[in-house]
Every structure is written in structure tokens, then in C-alpha cells.
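*Asks:* Could you have a look at this structure, given as C-alpha cells, before my questions?
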Amino acid sequence: METRLNYVGVGYRFVAQLIDGILLAIIYYLVGLTIFGTTTWSVYGPEAATLMALNGLIGFLYFVLLEGTVGTTLGKMALKMKVVREDGSPCRLGPSVIRNILRIVDILPFLYIVGMVLIARSGKKQRL
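Laid out in C-alpha cells, this is it:
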């Protein structure tokens, strides 16, 4: 039996990413308060670097673990989106690690512009 995939465009992905970003910002804020009694906006020096690295790790693990185990993040779940492999099978941890390492390429130049262009140009609306 062939699985029919519905490909999602940039708009829905943006909203899902926005939801995930808001949730992660809350988590980052709480982590900063818990560890340093403050947030990244008022921490300087080595403490700021530590907190930013920790927040980066939390964000990476959020996407890798959720996409790699349940196939969705909370933002994607809100929009009924799933991350699957090209053949429609569930995304696993290995592919999730790779896709999220490559997310760094999307973020660095101009905040996801590279990813949005790739999605818009792809017939299957894929970033990778």
C-alpha cells in the first residue's frame, strides 16, 4: 500500500517554528532563572557563554528527540504536521540528528532564508 504524503509549504512551517520558538524561549528563560537566578539578557562573560551553550543544546535536543521519536514537535503537532522520511516512514533518531545539524546551515546566513528558498524551489517542499 502506497502512503500519500501531503507536503507543507513555508507558511505552515514558519508558524510551527514560531510556536516551537516561543516554547523554547520560555524554557530558556526558566533555565537561566534556575541556574543563574537571571536570564541571558542580564548575564555576561563566561556565565553567558555557558547559558547560551546550554540553551543551544536544549534546542537541539528538543528537535532531535521529538522529531526522531514521535515525528513531530509541539509546534508541528499544533498544525498537524509530521516529519517523515522520503518514503513516508517515520523519522528516526539518526536522520533527525542529521537534519537538525543541517538546520544550523539554515539559521546562520539569514535566519532560515536558505531553508525557505530550498523548500520553495523543491517539488516536494523539502529543505534537505
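So for the sequence shown, this note's numbering puts the first residue at 3; every next one is plus one.
All C-beta atoms in this analysis are idealised placements derived from N, C-alpha and C, irrespective of residue type, glycine included.
1. Contact check, residue 83 vs residue 71 under 8 Å by CB: the rounded distance?
2. Spatial neighbours of residue 86 within its chain, please: C-beta separation below 8 Å, excluding the five flanking residues on both sides.
3. Quick check on residue 59: buried or exposed, where buried means 16 or more other Cβ atoms within 10 Å of its Cβ?
4. Check the C-beta distance from residue 76 over to residue 21 and give it rounded, since I have them as a contact under 8 Å.
5. Buried or exposed for residue 55, going by 16 or more other Cβ atoms inside 10 Å?
*Replies:* Reading it off the structure:
1. Rounded, the Cβ-Cβ distance is 16 Å, inconsistent with contact.
2. Hits under 8 Å: 7, 73, 92, 93.
3. Here residue 59 is exposed, its C-beta having fewer than 16 other C-beta atoms within 10 Å.
4. Confirmed, about 7 Å.
5. Counting Cβ neighbours within 10 Å, residue 55 comes out exposed, since fewer than 16 surround it.
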